[in-house]
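For the record, in the sequence shown the residue sitting at position 86 is 182 according to my numbering, with numbers rising by one throughout. Every residue, glycine too, gets a C-beta built ideally from N, C-alpha and C. Everything on this sheet refers to the single structure shown next.
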Amino acid sequence: MDVIQRILNIEEGSYSSSLNEESLKRKIENLFEQTTLRLAGKLTSENEFTAYDKLVIIGWNMPYLRRKSAYLKGKITQGQNGPLIKLKVNPNSILPIFSILAILSGVIFTLIALSNTQVDKFFLIPGLVLIALGIVYYPVSTLLRNRLRNEMVNYLDLNKI
């Protein structure tokens, strides 16, 4: 399971807050009511919430297809020194999956172009383009994931445990 989380660029972490549990919940509700921030979300239960970045990376609207750039799930628990928040942040899963598949197919195309002299190097350019896209998209997914996490942590004044 840990390998899949690393491939899909999922990050989990625990954070502490200096606020009490009720104040923290109110601050989370106020966060989601603000329209000027780059994130939106809602409380899903008494102690859980979800948030997402407002940036849309997939333009078409299909059922059950997640279109936003990054997603966050949070759970508020009570710790020894006050409330703890467990955050699970992940980019849109299409970004890391596409980057890995692009690199693999790019390497295959490039090897085909370099090993076969009769193809006239037709596959070389698409292969190199796919490798470049794969190299770019994975760090972009990390950037989008970290952007959502940092915005949530900074707004709620959380400290990493």
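1. Identify, in the order they occur along the chain, each residue of the same chain with its Cβ nearer than 6 Å to the Cβ of glutamate 107, setting aside the five sequence neighbours on each side.
2. Could you check what DSSP says for threonine 131 in three-state terms: helix, strand or coil?
3. Quick check: asparagine 177 and serine 110, are their CB atoms within less than 8 Å of each other?
4. Helix, strand or coil: how does DSSP classify leucine 252 here?
5. Within the region 171-230, note down every full alpha helix (DSSP H) run reaching 4 residues or more, in order along the chain.
6. Restricting to Cα atoms, I'd like to know which of Gly170, Pro192, Leu220 and Ile199 is closest to leucine 244.
7. Taking 8 Å as the cut-off, does the region 186-201 touch the region 120-140 (at least 3 CB pairs, one atom from each stretch)?
8. Under 7 Å Cβ to Cβ from proline 222, same chain only, skipping five residues before and after it: list those, please.
9. Just curious, the alpha helix (DSSP H) that isoleucine 100 is in, first and last residue?
In short:
1. On the sequence shown, residue 107 is found 11 positions in, with the first residue counted as 1. The residues are Val185.
2. Walking along the sequence shown from the start, residue 131 turns up at place 35. Coil.
3. To locate residue 177, count along the sequence shown from 1; it is residue 81. To locate residue 110, count along the sequence shown from 1; it is residue 14. No, they are not a contact pair.
4. Position 156 of the sequence shown, counted from the first residue, corresponds to residue 252. Three-state DSSP puts leucine 252 in a helix.
5. 190-211
6. To locate residue 244, count along the sequence shown from 1; it is residue 148. When only C-alpha atoms are compared, the closest one is Gly170.
7. no
8. Counting from one through the sequence shown, the residue named residue 222 turns up at place 126. If we look at proline 222 and ignore the five residues flanking it on each side, its Cβ neighbours are Phe205.
9. Within the sequence shown, residue 100 is the residue found at index 4, counting from 1. First-last of the alpha helix (DSSP H) with isoleucine 100: 98-103.
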